[in-house]
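Here is the structure we will look at, set down as structure tokens.
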Amino acid sequence: MEQQDDRPAEGCLVAFVRIPARIIAFTVVVPLRFCWELLVLVWRPVGAALDWLGRLIGRICYGLVGWPLLMAYRHLLTPLGHASYRAGRMLLALLGWSWRSVLAPLGRALATALRATGRGLALAAEWLYGNLLAPLGRGLALAVRAVGRGLELAAAGLGQAVGWVLGVLVLLPLVWCHRKVLNPFGRGLLWLARNGVVLPLAWLVEWVVLAPLGWLWQRVLTPAGRGLVLAVRWLGRALVQLVRWLVVLPLEWVWRSVLTPLGRALVAGAAALGRGLLRLAVLLVRGLGWLLWHLVVRPLGWLWRTVLYPVLRTVGQLLGRAWHLGGRLWRFLVARPCRWLRREVWWPVKDELRRAWASVRVAAREARRALVG
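Just so you know, we're using this note's numbering here: the sequence shown kicks off at 1 and counts up by one.
Here you go:
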């Protein structure tokens, strides 16, 4: 038995719309989809090749640059930095030990010696003043006071013989006292101060303070400073040479022998790859243009000239004729009968109704006037 189709029958309008839609789908959508799938099919191997090339370049750069730099940092710069840090700490520890064990005790000893020397000199000066200079000054004051009193008594008793007395009894004894007593005594005090205080103090300062300081400066501090300067200079030169031989020269060799040729090769490869990609893009664009022209533009033009334009022109003509036919039918079936009804029926009826209404109003007015008076 034949199966009955329960779908509703399609009208001519549905078929009229479906057929151009199918034509457009087969002439536009399917070629575009085909071009897209072709682009995807071409781009997948190109993208995979570019990805592989990028990974290869990355591994080459890491093997030639990154890994040597990492090894130099781990096995050269880091131990060199640790060694420099330890050498600096040892140098600071040596300087601290020298300060704590040599310079500071020596300074304390010198300060103690100078303090003791100052105290001894102060005690000697105090003893000299108290036991020698002060009694001598008191004796001289008593002598001068006695002489003054004698002169005063002599002046009071012997006014005329003052000059002779002064000349013989005062001036001559004073001159003799100055020559024979005070001058030798002053020279003795000066010799005593020079040989008993100044020279021992100078000898003490020279041999207790200056000589140890000079010996310490010449024998300890100067050689130690020269040794430190030579050690620092040698260490600096060694570090400079070490950095030069272990870092600068290898990096220069890597730059000159590896990175520069590699960079030139990468630039040349990138330029060649760019030219190849440009040519491939030009070929793809030309191919897509050719495909679009032959699969889209020409079919669309042929479809427009052969199918769509005649169909649309026929549809337009049919719609125009239907519009004119509908207008005529509307005019003959609706407009003219309505116009005849308005002119032949409605206007006469309206005039009769207006006259009847006017007569009713006149009758009502007369009746009201008759009733009211």
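Heads up, the beta-carbon is just placed ideally off N, CA and C, and yes, glycines get one too.
Per DSSP, the continuous alpha helix (DSSP H) segment holding Q317 begins and ends at Y309 to W330. In this structure the segment 113-128 does not touch the segment 241-260; the number of beta carbon pairs closer than 8 Å is below three.
For the pair V247 and A72, the CB atoms are nearer than the 8 Å cut-off. Counting along the chain, A281 sits inside the alpha helix (DSSP H) bounded by residues T260 to L292. Here T117 really is in contact with L204; their C-beta atoms are around 6 Å apart, less than 8 Å. Of all alpha-carbon atoms in L64, A49, Y62 and L216, the one lying nearest the alpha-carbon of A109 is that of L216.
Taken atom to atom, the span from the alpha-carbon of R44 to that of L38 is near 10 Å. Uninterrupted alpha helix (DSSP H) stretches at least 4 residues long and entirely within the segment 198-224 occur at 199-204 and 211-216, given in chain order. Note that the segment 68-82 touches the segment 235-249; at least 3 beta-carbon pairs, one per stretch, sit closer than 8 Å. Cα atoms of E206 and R219: separation of roughly 17 Å, rounded to the nearest angstrom. The C-alpha of A104 lies about 17 Å from the C-alpha of T222. P173 is the residue among P173, R298 and L123 whose C-alpha sits nearest the C-alpha of V147. Rounded to the nearest whole angstrom, the C-alpha separation of G287 and L308 is 28 Å. With respect to the 8 Å criterion, A87 and L235 are classified as neighbours on the basis of their beta carbons. Separation of K350 and R336 (C-alpha to C-alpha, rounded to the nearest whole angstrom) is 20 Å. The alpha-carbon separation between A364 and L353 amounts to approximately 16 Å. DSSP assignment within the segment 79-153 yields the following whole alpha helix (DSSP H) runs of 4 residues or more, N-terminal first: 104-128. Here S84 is not near L280, since their CB atoms are 8 Å or more apart.
Ranked by Cα distance from G47, the options N183, V282 and L277 are led by L277.
Here A122 is not near V208, since their CB atoms are 8 Å or more apart. Just so you know, the alpha carbons of A270 and G289 end up roughly 27 Å apart. In this structure V42 touches L284 by the C-beta definition: roughly 7 Å separates them, less than 8 Å.
The Cβ atoms of V296 and L53 lie no closer than 8 Å to each other.
I57 places its beta carbon 8 Å or farther from that of L251.
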